[in-house]
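Enquirer:
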Amino acid sequence: MWDAGEGSLSDKNSVRNRGVASLSDTSLSIVSKAITGGPSSRFSGDGVPGALIDGKKIADDVRADLKPRLAALADRGIVPGLAAIIVGEDPGSKLYVKMKGKASEEMGLAHWTVELPEQVPERRLLDEIARLNADSKVHGILVQRPLPPQIRVDAAVSAVDPQKDVDCFH
Numbered sequence: 007m008w009d010a011g012e013g014s015l016s017d018k019n020s021v022r023n024r025g026v027a028s029l030s031d032t033s034l035s036i037v038s039k040a041i042t043g044g045p046s047s048r049f050s051g052d053g054v055p056g057a058l059i060d061g062k063k064i065a066d067d068v069r070a071d072l073k074p075r076l077a078a079l080a081d082r083g084i085v086p087g088l089a090a091i092i093v094g095e096d097p098g099s100k101l102y103v104k105m106k107g108k109a110s111e112e113m114g115l116a117h118w119t120v121e122l123p124e125q126v127p128e129r130r131l132l133d134e135i136a137r138l139n140a141d142s143k144v145h146g147i148l149v150q151r152p153l154p155p156q157i158r159v160d161a162a163v164s165a166v167d168p169q170k171d172v173d174c175f176h
C-alpha cells in the first residue's frame, strides 16, 4: 500500500475510483471544469451543444497535483509501481502500454511490462496476475485488452486485487 497520510494514494476511494494516479478534489474540480466549462461550437448528434475537453491540460494538471505527493512517498523510500500485462501482439495495445510506461517513468513511478504470447492459456495469465498481486513493489496492475478468445475477460478482471486495480473494474 502507498501511505502518505490523509488523501494519500492508499486512500481506498482514491485507489478504487482513480487507479494508480490518485486525484485530489482540486484535480476533480479541474476535470469537471474542463468537461463542463466554457462555450463550445461542437454539437452532439442530437443538436445539443457539447463541451470540448482539453485532455493534455487535464493530464498536465493531474501530474502537477501528483508530483509533490509522489515526492513525499519517495522521501519515505516508497516508489509506486505499475505492472502492465499484455497478451499477444496487438500494435495498438503495445503502443498504449508503451505510453503508460513512459508516463510512469516521467512521474517517477516504477513500471513493468509483462508480455505473454497470444496462445497463452488462461491459467498462465491468472498465475501471472496472482504473482503481481503478491508483489509488494507492484501497487497497480493493468491487464491490457483485448484479450484472446481463450481468456475470459471476467476471469482476468476479477483476478486482480481490488487494491491494485488501476482500471477500477472492481
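Our numbering applies: residue 7 is where the sequence shown begins, and numbers increase by one. By construction, the Cβ of each residue, glycine as well, lies at the ideal position given by its N, Cα and C atoms.
If the criterion is Cβ atoms closer than 7 Å, does the pair Val166 and Ile135 meet it?
Expert: In contact: Val166 and Ile135 (Cβ atoms closer than 7 Å).
Enquirer: Would you please state the rounded distance, in angstroms, between the beta carbons of Pro123 and Gln156? I believe it to be under 8 Å.
Expert: Incorrect: roughly 11 Å between the Cβ atoms, too far for contact.
Enquirer: Please list the segments of the beta strand (DSSP E) lying wholly inside the stretch 41-120, counting only runs of 3 or more residues, in order along the chain.
Expert: 87-93
Enquirer: Given a threshold of 16 other Cβ atoms within 10 Å of its Cβ, counted over all protein chains shown, does Arg129 qualify as buried or as exposed?
Expert: exposed
Enquirer: Output the boundary residues of the alpha helix (DSSP H) element that contains Leu153.
Expert: Run containing Leu153: none; DSSP gives neither H nor E here.
Enquirer: Go ahead and label Gly98 buried or exposed: buried means 16 or more other beta carbons lie within 10 angstroms of its beta carbon, across all protein chains shown.
Expert: That one is exposed.
Enquirer: Note down the Cα distance separating Leu79 from Leu132, rounded to an integer number of angstroms.
Expert: 30 Å
Enquirer: What would DSSP say about Asp171, mapped onto helix, strand or coil?
Expert: Looking at Asp171 - three-state DSSP - the assignment turns out to be strand.
Enquirer: Along the chain, where does the alpha helix (DSSP H) containing Val163 start, and where does it finish?
Expert: Val159 to Ala165
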